[in-house]
Amino acid sequence: MNAAPHVPPYAPGRVPLIGHAVPLARDRLAFLQGLREHGPIVRFSIGPKTVTVINSPDLLQEMLTTKSRHFSKGLLFEKLKLFGKDALPVAEGSRHLTRRRLMQPAFHRRQVDGYIRTMHTTVDPMIAAWQSMGPLDLKTEMQLMTQNVVMAALFSTTPDRESGHAILESVDTLFAAALRRALLPLPLLERLPTPGNRKVRQAGRVMRAAVGEIIADHLANPEAYDDVVSLLLSARDQDGAPLADEDILSEVTGLLAAGSETTAVTLTWLFHELGRRPDLERRLHGEVDAVLTDEPLTMRSLTRLTFTRRLVDESLRMYSPAWLVTRRATEAVRLGGVDLRAGEDIVWSPYTLHRDPALYPDPLCFDPDRWLPERPQPPKEAYIPFGAGKRQCMGNEFALAEATLITALIASRRRLRPVPGPAVRPVGEITLHPSALRMTAEPRTHGRRREAV
Ligand code: HEM
0 MNAAPHVPPY
10 APGRVPLIGH
20 AVPLARDRLA
30 FLQGLREHGP
40 IVRFSIGPKT
50 VTVINSPDLL
60 QEMLTTKSRH
70 FSKGLLFEKL
80 KLFGKDALPV
90 AEGSRHLTRR
100 RLMQPAFHRR
110 QVDGYIRTMH
120 TTVDPMIAAW
130 QSMGPLDLKT
140 EMQLMTQNVV
150 MAALFSTTPD
160 RESGHAILES
170 VDTLFAAALR
180 RALLPLPLLE
190 RLPTPGNRKV
200 RQAGRVMRAA
210 VGEIIADHLA
220 NPEAYDDVVS
230 LLLSARDQDG
240 APLADEDILS
250 EVTGLLAAGS
260 ETTAVTLTWL
270 FHELGRRPDL
280 ERRLHGEVDA
290 VLTDEPLTMR
300 SLTRLTFTRR
310 LVDESLRMYS
320 PAWLVTRRAT
330 EAVRLGGVDL
340 RAGEDIVWSP
350 YTLHRDPALY
360 PDPLCFDPDR
370 WLPERPQPPK
380 EAYIPFGAGK
390 RQCMGNEFAL
400 AEATLITALI
410 ASRRRLRPVP
420 GPAVRPVGEI
430 TLHPSALRMT
440 AEPRTHGRRR
450 EAV
């Protein structure tokens with residue numbers, strides 16, 4: 000016999016009509032973090048909408064794996080359709096499955112190995128160019144770098160700095176609109192011709208034009224390319240029909256959006272920590288000087304960068320880029336003894352999970368050595384920067400290789416020093432990024448200087 004369902008509590012501080020809108024607007028990260036102490040499943044409300052937060056790693060695992068068929072991607076991803084109606088990260092059901100099967104092979108570890116040289120040749124000149132620049136806005140630099148890496152490795156295209164900036168601004172505008180609309184869903188307002196909505200439409204046009212050009216070039220010179228765009232262009236369904244133009248545009252745009260900012264903010268946080276921890280920086284320099292040679296980098300050489308990789312893993316723990324993820328129950332389902340109603344909106348946060356002192360000793364200490372194999376490790380379900388189950392990040396191997404490679408290449412040639420300014424704090428927008436981070440890129444005077452490949 001099933002036990003009587005438990006009704007999860009509302010978080011304290013709920014005010015009639017507006018619910019928890021005030022603490023949420025004041026500091027959404029702190030609000031979400033604070034909810035953990037109210038149990039594994041807790042509710043909050045914004046106006047008439049109730050949102051259920053899952054805090055326990057076991058229940059998250061259940062929702063994302065064994066019971067995943069009862070959930071759709073939810074509010075945030077509905078709003079992220081701004082990037083493309085049915086792109087993989089927002090697609091549902093059989094459409095998701097077919098597209099995932101089609102694109103997954105391009106992201107297997109073996110395939111990622113083949114991207115390493117392109118990553119290297121894309122990033123090297125960008126690091127060299129820092130020489131002639133003043134203080135860097137580090138997040139923007141990292142975004143340009145990771146955007147170029149995705150475009151070069153997956154679409155065989157490298158935009159110049161100006162075009163890269165234009166794409167980046169459009170991605171930022173669309174991401175900001177998606178989050179705003181998910182937090183305060185007022186569909187009617189989204190359609191009005193307000194300046195804000197016009198800006199969003201214009202950003203969409205810039206993205207479509209940039210991606211459209213890439214696709215047109217592939218169509219005009221099919222024999223010149225063998226990449227993800229070619230894969231999409233040559234795909235056929237069971238009836239032998241090609242993908243619709245709109246679908247190809249959506250998938251390419253979706254990959255660009257999913258694959259650039261997440262890795263960029265991971266690297267931004269990593270160098271923020273190194274900038275204030277000379278002990279860690281010294282160890283990183285020691286490792287890259289010992290491992291990097293003048294030979295081109297390969298997956299094999301990356302696996303020897305064990306400390307560099309622990310820095311990446313720790314940045315992904317403490318500053319999980321995808322800090323807020325949503326789901327929606329598509330039918331009534333029981334989770335952890337709680338009956339969720341069909342249509343119930345759900346939120347989970349790798350950021351708060353990874354900062355739970357019950358799972359991570361001293362969680363606010365940036366300690367890459369917590370990932371040493373001889374140290375006690377957290378349960379697998381407690382470390383999910385890339386999610387879990389059938390919707391787990393498709394680009395995780397790509398992102399880990401890229402972040403390790405970029406960290407090592409920067410450290411082999413530059414020291415990023417913080418520019419004095421206001422204290423850096425985490426800001427939870429579509430990704431978790433530092434409030435502002437300006438750093439200067441000093442050449443390294445000791446150590447092996449690497450030339451462009
Ligand atoms: C540090 C970097 C990254 C992080 C932290 C990250 C995180 C995530 C997370 C948490 C999800 C799953 C969301 C959910 O469960 O609803 C996801 C999905 C996805 N990511 Fe990533 N991601 C990263 C980099 C990348 C890269 C480099 C690419 C591709 C170039 C990529 C492509 C995708 C795609 C296509 C999906 C949708 C998968 C599906 O629904 O089947 N990501 N990512």
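Position one of the sequence shown corresponds to residue 0 (numbering that gives the first Met the number 0), numbered consecutively onward.
C-beta: ideal position from N, C-alpha, C; glycine also.
*Looking only at its own chain, which residues have a Cβ that is under 6 angstroms from the Cβ of residue 148, when we skip the five neighbours before and after it?*
To locate residue 148, count along the sequence shown from 1; it is residue 149. Excluding residues within five positions, the ones whose Cβ falls inside 6 angstroms are 118, 121 and 401.
*Cα separation between residue 49 and residue 43?*
In the sequence shown, residue 49 corresponds to position 50, counting from 1. In the sequence shown, residue 43 corresponds to position 44, counting from 1. For residue 49 and residue 43, the distance between alpha carbons rounds to 6 angstroms.
*Counting Cβ pairs closer than 8 angstroms, one from the region 30-45 and one from the region 65-85, do we hit at least three?*
no
_Can you give me the C-alpha to C-alpha distance between residue 449 and residue 180, rounded to a whole angstrom?_
To locate residue 449, count along the sequence shown from 1; it is residue 450. To locate residue 180, count along the sequence shown from 1; it is residue 181. Below a pLDDT of 50, predicted positions are generally treated as unreliable, and residue 449, at 48, falls in that range; no measurement from the model is reported.
_Taking 7 angstroms as the limit between beta carbons, can you name the residues of its chain near residue 142, skipping five residues before and five after?_
Residue mapping note: residue 142 aligns to position 143 of the sequence shown, counting from 1. Hits under 7 angstroms: 167, 259, 260 and 263.
*Three-state secondary structure assigned by DSSP to residue 423*: As a first step, residue 423 must be located in the sequence shown, where it is residue number 424. Coil.
*Taking the CB atoms as reference points, tell me whether residue 280 and residue 367 lie closer together than 7 angstroms.*
The count along the sequence shown starts at 1 and reaches residue 280 at position 281. The count along the sequence shown starts at 1 and reaches residue 367 at position 368. Result no, Cβ atoms of residue 280 and residue 367 do not sit closer than 7 angstroms.
_Contiguous beta strand (DSSP E) assignments of at least 3 residues, all confined to the region 125-204_ = none
*asked:* Since residue 327 and residue 30 should fall inside the 8 angstroms C-beta cutoff, what is the C-beta to C-beta distance between them, to a whole number of angstroms?
replied: Sequence index remark: in the sequence shown, residue 327 carries index 328 (1-based). Sequence index remark: in the sequence shown, residue 30 carries index 31 (1-based). Between residue 30 and residue 327 the Cβ distance is about 21 angstroms, and since that is not below 8 angstroms, they are no contact.
*Could you pull the start and end residues of the alpha helix (DSSP H) that residue 227 belongs to?*
Residue mapping note: residue 227 aligns to position 228 of the sequence shown, counting from 1. Start and end: 227-233.
_Separation of residue 228 from residue 80, as counted between CA atoms_ = For the purposes of this step, residue 80 is taken as the residue at position 81 of the sequence shown. For the purposes of this step, residue 228 is taken as the residue at position 229 of the sequence shown. Cα to Cα, the separation comes out at about 20 angstroms.
*Sheet register partners of residue 43 (DSSP bridge)*: Position 44 of the sequence shown holds residue 43. BP columns for residue 43 point to 50.
*Taking 6 angstroms as the line, does the beta carbon of residue 56 fall inside it for any heavy atom of the ligand HEM?*
Counting from 1 along the sequence shown, the entry for residue 56 is found at position 57. No; taking the cut-off as 6 angstroms, the Cβ of residue 56 has no heavy atom of the ligand HEM nearer than that.
*Tell me, to the nearest whole angstrom, how far the beta carbon of residue 82 is from that of residue 252; I am working on the premise that it is less than 8 angstroms.*
Here residue 82 refers to the residue found at position 83 of the sequence shown. Here residue 252 refers to the residue found at position 253 of the sequence shown. About 5 angstroms; that satisfies the 8 angstroms criterion.
*Is the beta carbon of residue 257 within less than 6 angstroms of some heavy atom of the ligand HEM?*
Position 258 of the sequence shown holds residue 257. Residue 257 Cβ: within cutoff of the ligand HEM.
*What residues in its chain sit with their C-beta under 8 angstroms from that of residue 387, if we drop five residues either side in the sequence?*
Counting from one through the sequence shown, the residue named residue 387 turns up at place 388. Excluding sequence neighbours, residue 387 sits near 59, 60, 63, 64 and 380.
*Mind checking who residue 453 pairs with in its DSSP beta bridge?*
Coverage of the chain is limited to positions 0 through 452, which leaves residue 453 absent and any answer about it impossible.
_I'd like to check one pair, residue 311 with residue 430: are the Cβ atoms closer than 7 angstroms?_
As a first step, residue 430 must be located in the sequence shown, where it is residue number 431. As a first step, residue 311 must be located in the sequence shown, where it is residue number 312. Taking 7 angstroms as the Cβ cut-off, residue 430 and residue 311 do not qualify as a contacting pair.
*With a threshold of 6 angstroms, establish whether the CB of residue 87 neighbours any heavy atom of the ligand HEM.*
Within the sequence shown, numbered from 1, the residue matching residue 87 stands at position 88. True, at least one ligand heavy atom lies under 6 angstroms from that Cβ.
*Around the C-beta of residue 364, are 16 or more other C-beta atoms found within 10 angstroms, so that it is buried, or is it exposed?*
For the purposes of this step, residue 364 is taken as residue 365 along the sequence shown, with counting starting at 1. Flag for residue 364 reads exposed.
*When the Cα atoms are used, what is the spatial distance from residue 6 to residue 295?*
In the sequence shown, residue 6 corresponds to position 7, counting from 1. In the sequence shown, residue 295 corresponds to position 296, counting from 1. Distance between the alpha carbons of residue 6 and residue 295 is about 58 angstroms.
*Whole angstroms is fine: what's the gap from residue 10's alpha carbon to residue 172's?*
Position 11 of the sequence shown, counted from the start, is the residue given in the question as residue 10. Position 173 of the sequence shown, counted from the start, is the residue given in the question as residue 172. C-alpha separation (whole angstroms): 32 angstroms.
*The beta strand (DSSP E) spanning residue 344 covers which residue range?*
Taking the sequence shown and counting its residues from 1, the one referred to as residue 344 is at position 345. Where residue 344 is concerned, the enclosing beta strand (DSSP E) stretches over 344-347.
*asked:* Can you tell me whether residue 19 is buried or exposed? The criterion is at least 16 other CB atoms within 10 Å of its CB, across all chains shown.
replied: Mapped onto the sequence shown, residue 19 falls at position 20. Result: buried.
_Touching by the beta-carbon criterion (3+ pairs, under 8 angstroms), the region 188-202 and the region 222-237_ = By the Cβ criterion, the region 188-202 is not in contact with the region 222-237, since fewer than three pairs of Cβ atoms, one from each stretch, lie closer than 8 angstroms.
_Please list the terminal residues of the continuous alpha helix (DSSP H) segment that includes residue 317._
Your numbering for residue 317 matches position 318 in the sequence shown. Per DSSP, residue 317 belongs to the alpha helix (DSSP H) from 305-317.
_Delimiting residues of the beta strand (DSSP E) encompassing residue 441_ = One-based indexing of the sequence shown puts residue 441 at position 442. Its beta strand (DSSP E) spans residues 437-442.
*Give the secondary structure of residue 340 by DSSP, where H, G and I count as helix, E and B as strand, and everything else as coil.*
For this step, residue 340 is matched to residue 341 along the sequence shown. Coil, per DSSP.
*Identity of the residues DSSP links to residue 334 by a beta bridge*: The residue given as residue 334 occupies position 335 in the sequence shown. Paired residues: 337.
_Start and end residues, beta strand (DSSP E) containing residue 328_ = On the sequence shown, position 329 is the one that residue 328 refers to. Looking at the DSSP string, the run of the beta strand (DSSP E) that includes residue 328 is 324-328.
*Per-residue DSSP class, three states only, for residue 0*: As a first step, residue 0 must be located in the sequence shown, where it is residue number 1. Here residue 0 scores only 48 on pLDDT, less than 50, and its place in the model is too uncertain to base an answer on.
*Every unbroken beta strand (DSSP E) inside the region 344-390 [3 residues or more]*: 344-347
*Selection from 422, 389, 290 and 53 that minimises the alpha carbon distance to residue 408*: The residue you call residue 408 lines up with position 409 of the sequence shown. Answer by Cα proximity: 290.
*Around the Cβ of residue 331, are there at least 16 other Cβ atoms within 10 angstroms (buried) or fewer (exposed)?*
In the sequence shown, the residue the question calls residue 331 occupies position 332. Exposed: under 16 other Cβ atoms inside 10 Å.
*Local conformation of residue 433 per DSSP, three classes*: Start at 1 with the first residue of the sequence shown, and residue 433 comes out as number 434. Strand.
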